[in-house]
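Just below is one structure, and these are the notes that go with it.
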Amino acid sequence: MNSTSKTKRKANPRQNANPLYAATFLYTLPTFIKGHRKPFEEEDIYETITDLRSEHLGNKVEVLWRKSCRTDEGPSLLKVLISVFGIEYITWGFVLAILELILKPAQAVFLGQLLLHYMPSVEEGSRTNLTEARWYAGGIVLLSVLRIALFHPLMVHSQLVGLKVKIACCSLIYRKALKLNNAAFDKTSLGQMINLLSNDVIIFTKCALMLNYLWVGPLQCFVVIYLMYCFVGLSSIFGVLLLFLFIPMYYLLGNLASKYRSRAALRTDDRVCYMNELLSGIDIIKMHAWEKLTTSLMLSLRNLEMKCIRLSLYVKATYLSFDILIIPIVLYVTIVVYVFHNHIRADKVFTLTIFYNSLRLSMATFFPQALGLRGEALVSIKRIQDFLLNTEIQLESIESTTDPIAVEIIDGSAKWKEDLTLKNINFSVKPGRLVAIVGPVGCGKSSLLNVMLKELQLVSGKIYINGDISYASQDAWLFCASVRDNILFGEQMDTDRYNEVVRICALQADFKTLPFGDHTMVGGRGASLSGGQKARINLARAVYRNSDIYLLDDPFASVDARVAKQVFDECIRGFLKGKTVILVTHHILFLKDVDQLVVLENGTIISQDSKVDDKGGLDHSTAKDDLNEDELNRGTFRNNETDKIQNITKEQKSVGSVSIGVYRRYISSCGWLPVFNVAILFLVTQTLISGGSYFLTYWVNKAQMEDMALKQDNTSIFIPESMEYNQYSNNMYIYLYSLITAMCIIIVSIRSYTFYSLSLNSSEKLHNNMFKNVIGGTMRFFNTNAQGRIINRFSQDMGTVDTLLPTVAIDTTQLLLYALASVILIAVVNYWLLIPTIVIGAMAYGLKTYCLLTSRNIKRLEGVTRSPVFEHLSSSLQGLSTVRAFQAEAILREEFDIHQDLHSGCYHLFLTTSQGFGYFLDCICAVYLAIVTLSFVISDHELLGGNVGLAVTECLSVIGILQWAMQQTADLENNMTCVERILEYDSVEQEESGGVEVSTTWPEVGEIVFRNVTLQYLPDAPPTLKNLSFQVSSKEKIGIIGRTGAGKTSIANALLRLTPISGEILIDGVDTKSINLQALRSKISVIPQDPTLFSGTLRQNLDPFQEYEDSALWNVLEDVELKELFASSPQGLCHVISQGGKNVSVGQRQLICLARAILRNNKILIMDEATANVDLETDTLIQRTIRKKFESCTVLTIAHRLQTVLDSDKILVMSEGEVVEFDKPSVLLNNDNGYFYKMSTKLNK
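Read in the UniProt record's numbering, the sequence shown has 279 at position 279, and its numbers run on one by one without any break.
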């Protein structure tokens, strides 16, 4: 649909990279160089590699999913995903097995043999010589190099498998969404689908890193246990048994975390769904001053969500604490048991340390994380599967026939809910006929069209349709693309046909006023267009498609009479002559020109004439007609000035590093004092952990000195002065070691819980502040920002800040402190190693700075490219009936695949550059390991085994930790871009809400004075209202008319302060600028052109603040003749209203809005084209009710129907932002040269 998205991109360098370049990540160098020269932009993203194409993966999984649905065992999405991606994933699992089962244990064995060279107290046959020591030292370095060569490709490809699962599931979700029937939409929501596409599927890329540890971990455990038994005998069993005791605890914690994660996901669904609904109806919220109410509801939803997230993260804090403590505890138990019967030795202690570190990562860290992620993934798969099992629209429910008919329904009955909507419908249309369907509000006109569209299933009867269908919906649907793309809707461009369609739909003049003609972009809500223009673009889309049958649902509701007549004559009767046209309309004057008239009432056809004449049972004398435009060719934009047209702005993307201000804001939202306390806890924790390692080294060295002193009684043995033997017993060392371990347990536990608690407090404040800024933003902000872009902030960005950022932050801090402490310990052993440490550290920092510039920028871009995916889903569902009528599902799937491929390409680029950085950093660390290890064996200096063991062990830790720490640092900054994106909404232009409070009785008379009012929608644009001055007396009924774009709606916007003005607007002598905005809007009732209801109950839509008794609510429903309808419902006032009020007709929605206005009983009422979408009878009802119920009120009626305003006290005629006439209708009709006279005489011709 959107041609702008089909950009030709450069081939991904990974696609054709040779094996050496791929294995060594050299193919990422051009990307780093390019990213260092200039920030990456969307056009710089490479073509998505073939294996990650959305269409390819979606097709592959969809085929197997459909097969699974037909099996006797029942559908299983898990089995489908395993069958598609399992072999590839398990293959890389074998690479992981090589790392964990061979390379890591071999490194521990080599270290033990190396340390024997520095232990002269051992038996002669056991001690290694210098040559052997050098070989073992070289082996340690070589094994690290092999680990690096295997580890990073493993990381990339494992995550790619997770990314493929994510892409496939997103594709399945979208394809399913296009097939859902209305019953399914009662069980699901747009918010849930967005949450599935954002938070649920992201788990697959996380768990892909860990799941192989579910089988590799236990195997490694057996290997390591055997080797430890060979080294220290049965003493190791005690430590291993303790380690095994932690595993079921981790499993239980993982299940508990999954349970809370599942609950949190449901709460997130509710919050995102509500946010989406608010954005869809933001203009209604603003007009009715419901910001405080919606804020209260949002905060309550957020609080429920945060309770679940808080419990989930506290569980995570528990096993994170165990993760840190498990090695100190297990090593403590093993050594204490060992020293009861043996002398403590360096080779035993440090070999055990490496073994236990290996087990800690595999069994105590990755295995439990894999269990937890497995649980979360199963929850997400179950949620996705439940969604995929929703009922679909039945395409085979409509049959074709060889009879010469276009449409035929025989004894058809249908229902949306429990009660029948259509009853015993018998309806037949011959090909090429023009059929009109009329009837009162809620009689089933649109439902009848929905039966023909297969959107509403017959519960009995038959339907036959011969030919393709084109459809124009009653609620005009536009998607985020150019005007031309909205009309073409995937059809091939036929210039002659396109130009003719534009002409007959009266769009030529409008295109001239657009800044880029029909290439001008419009938002998904068509915010910059008038209702009439949206309706005609919607109609043009239907007409441009060459179909056999055209279903047009009230296409003239929002257009002026002359435009409607031109479109009816030239388009429907002219261009579509010979086609079958079924037209739902309230324009009775057109009915004399139709071939067949169908009259509906209460879901039943009461009349079906083959030819309409003046005796057709319809009262033409009371027909309502639209006000003529004095000049049709002037265009029909909401405002005549092109500057009002606000294109959807390109999403802003920050460049460079995340500013210190972002970190400051994040930390300050936690509180500076609590953050300082947590920082102290981090330092104390690391001091205790590293202090324990150093204490163990001290103990080992003392024991070695004691053995050497006992074995040889001469002074030739080298004993450092600082390590001279003294008579401390083993018990003393055990007591001190026990004290250090106990303090670790206490401090680590306090630290973890405190940190997560502070992070959640910050997350909560960030969300609430962002919502406050968004809900308080001006209408310009909503008109220029795509809804999906805003939703992206509240879904995935907020999800990252809620759950992922705290974990990454605690990991980063912990790892950096550990790496720093390891370097300090190495320097303590040999201070000369500070020189290579500083050099290597500088190289690592320089590499990080260089690479992170690109990686961070790509991460920001990844967030930007994610928004169109959500926007496309939202837009598709809003126009789903149109999409299916045009059989455009394949086109929209292709468009979705394009959006998803762009995001996947960006994510893949981020993934490869991140791992490339990690690979290059590990290569530097391997050089550092070689320097440290080989420095001990180059010359044969006498060294203590404890010191060598500590240095090499810490260096081996650094080579893993530093890479992970730098990676986590990069991830932290990348995740902080989500905070940055959230904080960007701090700069949303806010409405000026300040001002004085007014009395509860204000306004008492309802007098309105406009004094030199000028309104501009953009700062540098020509004014839309120009020095406007007029006065409305108390209780006057004013009709405001003029061609579209004359500034009628702008008067209402100015009165409600939806747009800033210059000049003065006085209500009862009080300048509206001086009044509190909430108070002002709450004192003015509005009945909008597009009636919007919110999901909830009828009561909540009538009385959202719960201020009135039930009797008052029933009275206003009786006033608008809806009492009988809802009184018959079992729920009564608790009758459920679906999102957008889709389960009631447009006319009924309008009447509910009228009932709400009656209930509020304000002195001033604004009706903005309130009767545009209703039939004559409902229009008459609304006018009669207003005359009766608002007799003592001031009423401003904006209309394009003459009948609507003829009984007004005065008529205000607008033209190009100025008042051209303002007087009583009788006076204006007597002025032969006046605007109003000319309009009325043209109408009567």
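C-beta atoms are modelled at their ideal positions from N, C-alpha and C, and glycine is treated no differently.
ask   = In terms of alpha-carbon separation, which member of S296, Q1183, L1066 and N677 lies closest to Q1203?
value = In terms of CA proximity to Q1203, Q1183 leads the group S296, Q1183, L1066 and N677.
inquiry  = Using the three-state DSSP reduction, which class does K579 fall into: helix, strand or coil?
reply    = Reduced to three states, the DSSP call for K579 is coil.
query = Starting from Q596 and walking both ways along the alpha helix (DSSP H), at which residues does that stretch end?
reply = Going by DSSP, Q596 is part of no alpha helix (DSSP H) but of the beta strand (DSSP E) stretching over Q596 to E601.
query = What residues match up with Q1031 in a beta bridge as DSSP calls it?
reply = DSSP, once it has assigned bridges, lists V1009 as partnering Q1031.
query = Just curious, the alpha helix (DSSP H) that F917 is in, first and last residue?
reply = Where F917 is concerned, the enclosing alpha helix (DSSP H) stretches over E889 to V937.
inquiry  = DSSP three-state label for T1180, please.
reply    = Three-state result, T1180: helix.
request  = Taking all protein chains shown into account, decide if A742 is buried (16 or more other Cβ within 10 angstroms of its Cβ) or exposed.
outcome  = Exposed.
query = How many Å lie between Q887 and I750 at the Cα?
reply = Roughly 59 Å between the two C-alpha positions.
query = Which runs of the beta strand (DSSP E), 3 residues or longer, sit entirely within the segment 437-488?
reply = Within the segment 437-488, the complete beta strand (DSSP E) segments at least 3 residues long are 458-465 and 469-472, listed from N- to C-terminus.
Cβ neighbour criterion (16 or more within 10 Å) applied to W672 = When all chains shown are included, W672 counts as exposed.
inquiry  = With distance defined between alpha-carbon atoms, name the residue in H767, N773, W65 and H908 nearest to D51.
reply    = If we check each option's Cα against that of D51, H908 comes out closest.
message = I need the straight-line Cα distance from V61 to D200, nearest angstrom please.
response = Rounded to the nearest angstrom, the two C-alpha atoms are 18 Å apart.
task = Can you say whether K187 is buried or exposed, counting buried as having 16 or more other CB atoms within 10 angstroms of its CB?
result = Burial is judged here by how many other beta carbons sit within 10 angstroms of a residue's own beta carbon; K187 has fewer than 16 and is exposed.
key: Residues sharing a beta bridge with V1070, DSSP   = In DSSP, V1070 forms a bridge with I1067.
Distance, V330 Cα to V161 Cα = In this structure, the CA atom of V161 is about 35 Å from the CA atom of V330.
ask   = Going by alpha carbons, who is nearest to K38 out of T205, S855 and L114?
value = Shortest Cα-Cα distance from K38 to any of T205, S855 and L114 involves S855.
message = Rounded to whole angstroms, what is the Cα-Cα separation between S358 and R14?
response = Roughly 32 Å between the two C-alpha positions.
request  = Please name the residue, chosen from W290, N342, Y226 and D922, that lies closest to L146 on a Cα-to-Cα basis.
outcome  = Out of W290, N342, Y226 and D922, D922 has the C-alpha closest to the C-alpha of L146.
request  = Answer with buried or exposed for C851, where buried requires no fewer than 16 other C-beta atoms within 10 angstroms of its C-beta.
outcome  = Label assigned to C851: buried.
ask   = When the Cα of A951 is compared with those of F755, L111 and R860, which residue comes out closest?
value = Out of F755, L111 and R860, L111 has the C-alpha closest to the C-alpha of A951.
ask   = For L551, which of N602, A472 and F1126 has the nearest alpha-carbon?
value = That would be A472, whose Cα lies nearest to the Cα of L551.
ask   = For A821, which of helix, strand or coil comes out of DSSP?
value = For A821, the secondary structure class from DSSP, reduced to helix, strand or coil, is helix.
query = According to DSSP, is E73 helix, strand or coil?
reply = If DSSP states are grouped into helix, strand and coil, E73 belongs with coil.
ask   = Whose C-beta lies closer than 7 Å to the C-beta of E989 among residues of the same chain, with five residues either side of it excluded?
value = Here the set comprises G777, T778, R780 and F781.
message = Let's test the definition: count the other Cβ atoms within 10 Å of the Cβ of Y845 and tell me whether it reaches 16, buried, or not, exposed.
response = By the Cβ-count criterion, Y845 is exposed, with fewer than 16 other Cβ atoms from all chains shown falling within 10 Å of its own Cβ.
T1097 and L1055 closer than 8 Å at C-beta = Cβ distance not < 8 Å, so T1097 and L1055 don't count as in contact.
key: Contacting residues, own chain, Cβ-Cβ under 7 Å from C69 (five flanking each side not counted)   = If we look at C69 and ignore the five residues flanking it on each side, its Cβ neighbours are P75.
request  = Determine the burial state of A11: buried for a count of at least 16 other Cβ atoms within 10 Å of its Cβ, exposed for fewer.
outcome  = Burial state of A11 is exposed, judged by a 10 Å Cβ sphere holding fewer than 16 other Cβ atoms.
Rounded C-alpha distance that separates G578 from S189 = S189 has its alpha-carbon roughly 41 Å from the corresponding atom of G578.
query = Taking three-plus beta-carbon pairs below 8 Å as touching, is the segment 811-824 in contact with the segment 924-936?
reply = The segment 811-824 vs the segment 924-936: no contact.
message = For S312, count the other beta carbons within 10 Å of its own beta carbon; 16 or more makes it buried, fewer makes it exposed. Which is it?
response = If you draw a 10 Å sphere on the C-beta of S312, you find 16 or more other C-beta atoms in it, and that means buried.
key: Pick from T1171, E1191, C1153 and Q1139 that is closest to K1163, judged by C-alpha positions   = Nearest of T1171, E1191, C1153 and Q1139 to K1163, Cα basis: E1191.
For A1170 and V1227, the rounded distance between their alpha carbons = Approximately 26 Å between the Cα atoms of the pair.
task = Spatial neighbours of S1095 within its chain, please: CB distance less than 7 Å, with the 5 preceding and 5 following residues excluded, ordered by chain position.
result = Cβ within range, chain order: E277, I1137, S1138 and Q1139.
ask   = So, do the segment 1005-1022 and the segment 1055-1071 have three or more beta carbon pairs nearer to each other than 8 Å?
value = Yes, the segment 1005-1022 touches the segment 1055-1071.
message = Whole angstroms are fine: how far does the CA of I285 sit from the CA of residue 1246?
response = Residue 1246 falls outside the range modelled here, since the chain spans only 1 to 1245, and no answer is possible.
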